[in-house]
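Residue numbers (UniProt numbering): 1 to 257.
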Amino acid sequence: MIEILTPAQVDRARRTGALVADILQSLKQRSTVGTNLLDLDRWTAEMIREAGAESCYVDYAPSFGRGPFGHYVCTAVNDAVLHGRPRDQRLRDGDLLTLDLAVRLDGVAADSAISFVVGDSRPAGASDLIEVTQVALAAGIAAAGPGARIGDLSHAIGSVLGGAGYPINMQFGGHGIGTTMHQDPHVSNDGRPGRGYQLRPGLLLALEPWVMADTDVLVTDEDGWTLRSETGCLTAHSEHTIAITDDGAEILTLPSS
Numbered sequence: 001m002i003e004i005l006t007p008a009q010v011d012r013a014r015r016t017g018a019l020v021a022d023i024l025q026s027l028k029q030r031s032t033v034g035t036n037l038l039d040l041d042r043w044t045a046e047m048i049r050e051a052g053a054e055s056c057y058v059d060y061a062p063s064f065g066r067g068p069f070g071h072y073v074c075t076a077v078n079d080a081v082l083h084g085r086p087r088d089q090r091l092r093d094g095d096l097l098t099l100d101l102a103v104r105l106d107g108v109a110a111d112s113a114i115s116f117v118v119g120d121s122r123p124a125g126a127s128d129l130i131e132v133t134q135v136a137l138a139a140g141i142a143a144a145g146p147g148a149r150i151g152d153l154s155h156a157i158g159s160v161l162g163g164a165g166y167p168i169n170m171q172f173g174g175h176g177i178g179t180t181m182h183q184d185p186h187v188s189n190d191g192r193p194g195r196g197y198q199l200r201p202g203l204l205l206a207l208e209p210w211v212m213a214d215t216d217v218l219v220t221d222e223d224g225w226t227l228r229s230e231t232g233c234l235t236a237h238s239e240h241t242i243a244i245t246d247d248g249a250e251i252l253t254l255p256s257s
């Protein structure tokens, strides 16, 4: 299903997006050496409840997962990149952590992800990985607007990722979002310009470039959810929810202050 939101719904999506961004920034500040991933999940649940929102993850049970996700935020560390299921694990100095969060507030969802290094150490290549996903995300957003096609966004993202020399996995990518978290259209992280669905005002998209340092092959962890690089290399992931407007695209998942 491809959903076109009304102006009133887009306005509600702005509030949801700000909430997602604010929670992520709070979690980033709390992600210090020794922080337990389960504490990050608990804090997320508390902030969602305090805002009167609901989690898009806790009961999420798609075909590729093993039962309901059962947690409130994705916590992917180092070689984990997507669907990182929180576990009893304490962060170490130099860990590359990705936090991915989706919530629904007043009937509209928003989805965002950030990657950063914990502590003072900087593992080789970590900063480059994070930066390339951020630059690719900005390129995808810049390509979005009424009349553009999904392939234009995919091509913009893929040109940055591939141009930096990173392999690109085409299995998971961005997606439509609205009153539910995952909708059509799928937005691959590489593609051909001029192809695919034509964007219209009121369409919300979650764009999410992600890379693994030296492979495009994912393996599923024993928890049935966490996706890791096959080679054990570092990974990174950046994501924003955007709204297509009459004259371009608006980033919804920015902090409120």
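Note that beta-carbon positions come from the ideal geometry of N, C-alpha and C, so glycine has one too.
Those residues which DSSP pairs with residue i across a bridge
{"i": "F116", "result": "L97"}
{"i": "C74", "result": "D100"}
{"i": "L149", "result": "A small correction: the amino acid at residue 149 is Arg; Leu does not occupy that position in the sequence shown. R149 pairs with Q198."}
{"i": "N36", "result": "R90"}
{"i": "A109", "result": "R104"}
{"i": "W225", "result": "DSSP lists no partner for W225."}
{"i": "M212", "result": "T235"}
{"i": "I251", "result": "I242"}
{"i": "I177", "result": "L204"}
{"i": "H186", "result": "H175"}
{"i": "V54", "result": "Note that residue 54 corresponds to Glu in the displayed sequence, not to Val. DSSP output for E54 lists R104 as bridge partner(s)."}
{"i": "A142", "result": "A142 pairs with nothing; no bridge assigned."}
Residue i burial status per 10 Å Cβ neighbour count (16 or more: buried)
{"i": "G176", "result": "buried"}
{"i": "R30", "result": "exposed"}
{"i": "I2", "result": "exposed"}
{"i": "F64", "result": "exposed"}
{"i": "residue 260", "result": "Because residue 260 is not part of the residues shown, which for the chain are 1 to 257, the question remains open."}
{"i": "R14", "result": "buried"}
{"i": "A142", "result": "exposed"}
{"i": "M181", "result": "buried"}
{"i": "R85", "result": "buried"}
{"i": "A8", "result": "exposed"}
{"i": "D59", "result": "exposed"}
{"i": "Q89", "result": "exposed"}
{"i": "G158", "result": "buried"}
{"i": "T32", "result": "exposed"}
{"i": "A136", "result": "buried"}
{"i": "S229", "result": "buried"}
{"i": "G67", "result": "exposed"}
{"i": "residue 290", "result": "Given that the chain is displayed from residue 1 to residue 257, the structure contains no residue 290 and the question cannot be resolved."}
Supposed contact pair residue j and residue i - C-beta distance, whole angstroms, cut 8 Å
{"i": "A53", "j": "L19", "result": "6 Å"}
{"i": "G196", "j": "P209", "result": "About 17 Å separates the two Cβ atoms, so there is no contact after all."}
{"i": "L82", "j": "L234", "result": "Rounded, the Cβ-Cβ distance is 14 Å, inconsistent with contact."}
{"i": "L254", "j": "A21", "result": "5 Å"}
{"i": "R12", "j": "C56", "result": "With a Cβ gap of about 15 Å, R12 and C56 do not count as contacting."}
{"i": "L99", "j": "L91", "result": "In fact, because the Cβ distance is near 11 Å, the residues do not count as touching under 8 Å."}
{"i": "A243", "j": "V10", "result": "5 Å"}
Reference residue i; option with closest CA among the options
{"i": "G191", "options": "V217, I150 and R200", "result": "I150"}
{"i": "G248", "options": "G147, T16 and V33", "result": "G147"}
{"i": "D246", "options": "L204, W225 and I168", "result": "L204"}
{"i": "A124", "options": "A102, V135, D95 and A143", "result": "D95"}
{"i": "Q198", "options": "D152, N78 and S115", "result": "D152"}
{"i": "G202", "options": "A213, V217 and T241", "result": "T241"}
{"i": "I23", "options": "D41, T32 and G34", "result": "D41"}
{"i": "S112", "options": "T220, S229 and L27", "result": "L27"}
{"i": "M170", "options": "D216, E50 and R66", "result": "D216"}
{"i": "S154", "options": "V187, V73 and S127", "result": "V187"}
{"i": "G34", "options": "V73, G119, M47 and A110", "result": "G119"}
{"i": "V77", "options": "G232, E250, A243 and S256", "result": "G232"}
{"i": "A213", "options": "T220, S127 and P62", "result": "S127"}
{"i": "P193", "options": "W43, G140 and G165", "result": "G140"}
{"i": "Q183", "options": "Y166, W43 and P62", "result": "P62"}
C-beta contact flag for residue i and residue j at 8 Å
{"i": "R87", "j": "L161", "result": "no"}
{"i": "S238", "j": "T133", "result": "yes"}
{"i": "G107", "j": "T6", "result": "no"}
{"i": "G163", "j": "N189", "result": "no"}
{"i": "F116", "j": "W225", "result": "no"}
{"i": "D93", "j": "S121", "result": "yes"}
{"i": "A236", "j": "I130", "result": "yes"}
{"i": "T16", "j": "A109", "result": "yes"}
{"i": "I48", "j": "R200", "result": "no"}
Closer than 7 Å: residue i CB and nearest the ligand COA heavy atom
{"i": "Q25", "result": "Absent from the structure shown: the ligand COA. Ligands present: none."}
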